[in-house]
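Trainee: Following the UniProt record's numbering, the numbering of the sequence shown begins with 1 at its first residue and continues without gaps. We put the beta carbon where it would ideally sit given N, CA and C, even for glycine.
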Amino acid sequence: MSAFVGKYAEELIKTARYIATPGKGILAADESTGTIGKRLASINVENVESNRQALRELLFTCPNAHPYLCGVILFEETLYQMTSDGKPFVEVLQENHVIPGIKVDKGTVELAGTNAETTTQGFDSLGARCQQYYKAGARFAKWRAVLKIGPHEPSELSIQQNAQGLARYAIICQENGLVPIVEPEILTDGAHDIKKCAAVTETVLAAVYKALNDHHVLLEGTLLKPNMVTPGSDSPKVPPEVIAEHTVTALRRTVPAAVPGIVFLSGGQSEEEATLNLNAMNRLEVLKPWTLSFSFGRALQQSTLKTWAGKRENVGKAQETFLVRCKANSEATLGKYTGGGAGGLASESLYVKGYKLPTTPSSSPSSSASPISASSTSSSVPLQPIEELPPKLQEIVKLFQSVQEPKAKYEQLLFYGKNLKPLETHFKTKENKVEGCVSQVWVRAYLDSDKNVVYEADSDSVLTKGLAALLVNGLSGRPVEEVLRVSPDFVVLLGLQQSLTPSRNNGFLNMLRLMQKKALQLVVEAEKGKNSQSEVRGGIANTNFGSSHGVDVGETSVGISNPVSKIDDGIENENLGTHYTVGVEENLDGSALGSRGKRIKEKLERELNPVELEVVDISYQHAGHAGARGSDGETHFNVRVVSKEFEGKSLVKRHRLVYGLLQEELQSGLHALSIVAKTPSEV
1 MSAFVGKYAE ELIKTARYIA TPGKGILAAD ESTGTIGKRL ASINVENVES NRQALRELLF
61 TCPNAHPYLC GVILFEETLY QMTSDGKPFV EVLQENHVIP GIKVDKGTVE LAGTNAETTT
121 QGFDSLGARC QQYYKAGARF AKWRAVLKIG PHEPSELSIQ QNAQGLARYA IICQENGLVP
181 IVEPEILTDG AHDIKKCAAV TETVLAAVYK ALNDHHVLLE GTLLKPNMVT PGSDSPKVPP
241 EVIAEHTVTA LRRTVPAAVP GIVFLSGGQS EEEATLNLNA MNRLEVLKPW TLSFSFGRAL
301 QQSTLKTWAG KRENVGKAQE TFLVRCKANS EATLGKYTGG GAGGLASESL YVKGYKLPTT
361 PSSSPSSSAS PISASSTSSS VPLQPIEELP PKLQEIVKLF QSVQEPKAKY EQLLFYGKNL
421 KPLETHFKTK ENKVEGCVSQ VWVRAYLDSD KNVVYEADSD SVLTKGLAAL LVNGLSGRPV
481 EEVLRVSPDF VVLLGLQQSL TPSRNNGFLN MLRLMQKKAL QLVVEAEKGK NSQSEVRGGI
541 ANTNFGSSHG VDVGETSVGI SNPVSKIDDG IENENLGTHY TVGVEENLDG SALGSRGKRI
601 KEKLERELNP VELEVVDISY QHAGHAGARG SDGETHFNVR VVSKEFEGKS LVKRHRLVYG
661 LLQEELQSGL HALSIVAKTP SEV
């Protein structure tokens, strides 16, 4: 078989040919949240979703720009965003005959055994993600590989690793209906001359097309996004005609005629430089079997961004600037650009050394994956049964499970967000703000007359507001212990983890975490205020020893399940309550453990060799049980232990093991012990 021919073959070819239409090009608007944040910072605009949405709406709705564009590459967040009028960006583009595309790689990581060369990650669930993107309206994809020129670079290992990665990505895309844009970018960093760049470009492209052939990729259903052949950034510049000659020669020697189009990246050139170089290539009077066009990000947006400056009143002028750049590059694809579209801003260099290279090595290709996706795949940790969720949350989960289309789920979230009661301004305080969210979101909690928790929330992002509303509706009006028992993996039951970006998933988990923290704080405050012996009922099995101190008592009580994981602001792991400090010697309010607490901790450390251990004295909540913290009178403790000693043991046997180790304490006045016992694979 020379090429893959699946059910999408004809559609792939048709899409690729349309993108290769002379006179049209691609707007690359697929900047990650971090990258676009740097660009917004350059104009003193905060990196929040509302500002990112405003910039992209400015670009996508620019009057008269669509005839010059055939496609737009979107970041995952943008694929599901809407205009301020509530119209999905995907529909805006489709109605104007612009094809939506999607960035599917997850960035670069250092390649072991090389001189800081890189490979690209993102193969985890790539096929499933492509299916979801196709359903959402995307019809092509982009995957960026990065290579560099040095005394011994690019190495053969780097070339082959990146070529094979691009080929693997391409065939997965085609199997799922997306035209793959193959992007092997050779950075301009260095003092090499243009001949060196040409030689490296030819070597890399030859390896890429060999790999594409080995993977049976349908070339007619692909596009190439290469760098232009230029001197290194530290070398003297050369005229556009020289760049054009070397670039086209390298392409003619390596790129098969079956490829319908080549869409260049700008590679840090100024807007005007990139346009002039593209124009010079199309003016060359040599056989070029493919369309030569553009897939520019910075080289289409930079002057527009600065004209806009984040101000609503500048949108019109910014769109005029964007239109000028679109028209100029359209003319360049036809070899008809005569200049005059420069201006001061368009001539500014956009070069950034080591553009988007990783700042630190990464040993885990899946490090950018959603924490929920990663954790929920473990076969050793079953999902919380839906029946254990609060009734209203059960209804919400069942509603989302009944909806199969990601777009429909997204619209349901937006519906929740639009119907969420706004939070009064004076409640939007630092203590109510959810940390770790890409958007601003606030959560407030209070107890109603029945001592149930009631939540209020708000956000500056419609989508984030929808996520907050989901939790507000699902958790409000329920007892504290019921709220605390909700496991963060319930988002898997919703089926949203594949539709949300990793940062959005993290934000959702942080919302839940803050809500549970606030619920626990309400209980603590209530207990302090009424000086009673009442205890919160329910939660993870906890044995109330009473006067007998027996270990086989079946009744459960004292039930704030895993409270410290929900209140400790020092937790760094984003997957809600799975990272703990070994040997914690402080209580919920920061006070030190007393002598009994220290003895419990020392005994468990010595006998169980725990990976993680927390011992928390909650005696102050139980004044009727000699709860004098800091003496042998402490009577109530929460204990969380993660140890290999629990492997192969049931929950009951794990508890018995802990009780057995603490018999001396049980016989000397310890009244109640709340235990969470897990193996390392369960956290």
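Report yes if the CB atom of Q81 is closer than 8 Å to the CB atom of R56, and no otherwise.
Mentor: Position 81 of the sequence shown, counted from the first residue, corresponds to residue 81. Position 56 of the sequence shown, counted from the first residue, corresponds to residue 56. It is a contact, given that the beta carbons lie within the stated cut-off.
Trainee: For G597, which of helix, strand or coil comes out of DSSP?
Mentor: The count along the sequence shown starts at 1 and reaches residue 597 at position 597. Shown here, G597 sits in a helix according to DSSP, grouped into three states.
Trainee: Whole angstroms are fine: how far does the CA of N64 sit from the CA of K24?
Mentor: Translated into positions along the sequence shown, residue 24 becomes position 24. Translated into positions along the sequence shown, residue 64 becomes position 64. When rounded, the distance between both Cα atoms is 13 Å.
Trainee: Does the segment 480 to 490 come close enough to the segment 416 to 427 that 3 or more CB-CB pairs lie under 8 Å?
Mentor: no
Trainee: Can we say the segment 249 to 262 touches the segment 134 to 148, given the rule of at least three CB pairs closer than 8 Å?
Mentor: no
Trainee: Out of T333, L300, L334, T338, which one is the CA nearest neighbour of E320?
Mentor: For the purposes of this step, residue 320 is identified with residue 320 of the sequence shown, where counting begins at 1. Out of T333, L300, L334, T338, L300 has the C-alpha closest to the C-alpha of E320.
Trainee: What separation, rounded to the nearest whole angstrom, lies between the Cα atoms of E273 and V109?
Mentor: Within the sequence shown, residue 273 is the residue found at index 273, counting from 1. Within the sequence shown, residue 109 is the residue found at index 109, counting from 1. The alpha-carbon atoms of E273 and V109 are separated by roughly 30 Å.
Trainee: Ignore the nearest five residues each way along the sequence and tell me which others in K566's own chain have a CB closer than 7 Å to its CB.
Mentor: To locate residue 566, count along the sequence shown from 1; it is residue 566. With a pLDDT of 33 at K566, under the threshold of 50, the modelled position of this residue cannot be trusted; read the value that follows with caution. Excluding sequence neighbours, K566 sits near L484, R513, Q516, K517, L520, G577.
Trainee: Is it buried or exposed, K644, if we count other Cβ atoms within 10 angstroms and call 16 or more buried?
Mentor: What you label residue 644 is simply residue 644 of the sequence shown in a count that begins at 1. It is exposed - the Cβ of K644 has fewer than 16 other Cβ atoms within 10 Å.
Trainee: Is W308 helix, strand or coil when you go by DSSP?
Mentor: Along the sequence shown, one-based indexing puts residue 308 at 308. Here W308 sits in helix by DSSP.
Trainee: Please classify T61: does DSSP put it in a helix, a strand, or coil?
Mentor: Counting from one through the sequence shown, the residue named residue 61 turns up at place 61. Looking at T61 - three-state DSSP - the assignment turns out to be coil, as it is neither helix nor strand.
Trainee: Helix, strand or coil for G25? Go by DSSP, reduced to three states.
Mentor: Working through the sequence shown from its first residue, we reach residue 25 at position 25. Here G25 sits in strand by DSSP.
Trainee: G267 to G221, Cα distance in whole Å?
Mentor: As a working mapping, residue 267 is identified with position 267 in the sequence shown. As a working mapping, residue 221 is identified with position 221 in the sequence shown. Looking at the backbone, the Cα of G267 and that of G221 are separated by about 25 Å.
Trainee: Give the DSSP bridge partners of F123, in chain order.
Mentor: Working through the sequence shown from its first residue, we reach residue 123 at position 123. For F123, which the question treats as bridged, DSSP gives no partner whatsoever.
Trainee: Write down every uninterrupted run of the alpha helix (DSSP H) in the segment 406 to 492 whose length is 4 residues or greater and which is fully enclosed by it, in chain order.
Mentor: 406 to 418, 462 to 475, 480 to 484
Trainee: With distances taken between CB atoms, is the gap from K106 to G127 smaller than 8 Å?
Mentor: As a first step, residue 106 must be located in the sequence shown, where it is residue number 106. As a first step, residue 127 must be located in the sequence shown, where it is residue number 127. No, the pair does not count as a contact, with Cβ atoms beyond the cut-off.
Trainee: Distance, Cα to Cα, N510 vs L447?
Mentor: Taking the sequence shown and counting its residues from 1, one reaches residue 510 at position 510. Taking the sequence shown and counting its residues from 1, one reaches residue 447 at position 447. Computed Cα separation, rounded: 21 Å.
Trainee: Determine the closest residue to S668 out of Q164, L651, R654, H636, with distance taken between C-alpha atoms.
Mentor: In the sequence shown, the residue the question calls residue 668 occupies position 668. Of the candidates Q164, L651, R654, H636, the one whose C-alpha sits nearest the C-alpha of S668 is H636.
Trainee: Which residues does DSSP list as the beta-bridge partners of V248?
Mentor: Locating residue 248 in the sequence shown gives position 248, counting from the first residue. DSSP output for V248 lists no bridge partner at all.
Trainee: Can you name the residues that DSSP bridges to R283?
Mentor: The residue labelled residue 283 in the question sits at position 283 within the sequence shown. In the DSSP assignment, R283 forms no beta bridge with any residue.
Trainee: Counting Cβ pairs, one atom from each stretch, are 3 or more of them under 8 Å apart for the segment 207 to 214 and the segment 149 to 165?
Mentor: In short, these stretches touch, since the Cβ pair count reaches three.
Trainee: Do you know offhand how far I171's Cα is from R252's?
Mentor: Taking the sequence shown and counting its residues from 1, the one referred to as residue 171 is at position 171. Taking the sequence shown and counting its residues from 1, the one referred to as residue 252 is at position 252. In this structure, the alpha-carbon of I171 lies about 24 Å from that of R252.
Trainee: From the DSSP output, read off the bridge partner residues of N638.
Mentor: For the purposes of this step, residue 638 is taken as residue 638 along the sequence shown, with counting starting at 1. Note: N638 sits in a beta bridge opposite V616, S674.
Trainee: For A136, does the count of other Cβ atoms within 10 angstroms reach 16, so buried, or fall short, so exposed?
Mentor: Taking the sequence shown and counting its residues from 1, one reaches residue 136 at position 136. Looking at its Cβ environment, which holds 16 or more other Cβ atoms inside 10 Å, A136 is buried.
Trainee: What distance in whole Å lies between the Cβ atoms of I194 and K152, which are believed to be in contact at a cut-off of 8 Å?
Mentor: On the sequence shown, position 152 is the one that residue 152 refers to. On the sequence shown, position 194 is the one that residue 194 refers to. For the sequence presented, residue 152 should be read as His rather than Lys. Not confirmed; about 20 Å, so no contact.
Trainee: Since residue 688 and G150 should fall inside the 8 Å C-beta cutoff, what is the C-beta to C-beta distance between them, to a whole number of angstroms?
Mentor: The question about residue 688 has no answer, for the chain in this structure spans 1 to 683.
Trainee: Of the choices Q269, V324, I262, whose alpha-carbon is the least far from that of L187?
Mentor: Here residue 187 refers to the residue found at position 187 when the sequence shown is read from its first residue. Closest by alpha carbon: Q269.
Trainee: Among Y169, Q412, S487, A206, which one has its Cα closest to the Cα of G86?
Mentor: As a first step, residue 86 is located in the sequence shown; it is residue number 86 there, counting from the start. Cα-wise, what sits closest to G86 is Q412.
Trainee: By DSSP, does L666 sit in helix, in strand, or in coil?
Mentor: Start at 1 with the first residue of the sequence shown, and residue 666 comes out as number 666. Correct three-state label for L666: helix.
Trainee: Return the chain-ordered list of same chain residues with a C-beta closer than 7 Å to the C-beta of V286, the five sequence neighbours on each side being excluded.
Mentor: In the sequence shown, residue 286 corresponds to position 286, counting from 1. Counting only Cβ-Cβ distances below 7 Å, and skipping sequence neighbours, we find V248.
Trainee: Based on DSSP bridge pairs, tell me the residues matched to residue 690.
Mentor: Limits of the chain in this structure are 1 at one end and 683 at the other, which puts residue 690 out of reach.
Trainee: Does T83 come out as helix, strand or coil in the three-state DSSP assignment?
Mentor: As a working mapping, residue 83 is identified with position 83 in the sequence shown. Three-state DSSP puts T83 in coil, outside helix and strand.
Trainee: Given a cut-off of 8 Å on the beta-carbon distance, is the pair L59 and L79 in contact?
Mentor: Within the sequence shown, the letter at position 59 stands for residue 59. Within the sequence shown, the letter at position 79 stands for residue 79. Not in contact: L59 and L79 (Cβ atoms no closer than 8 Å).
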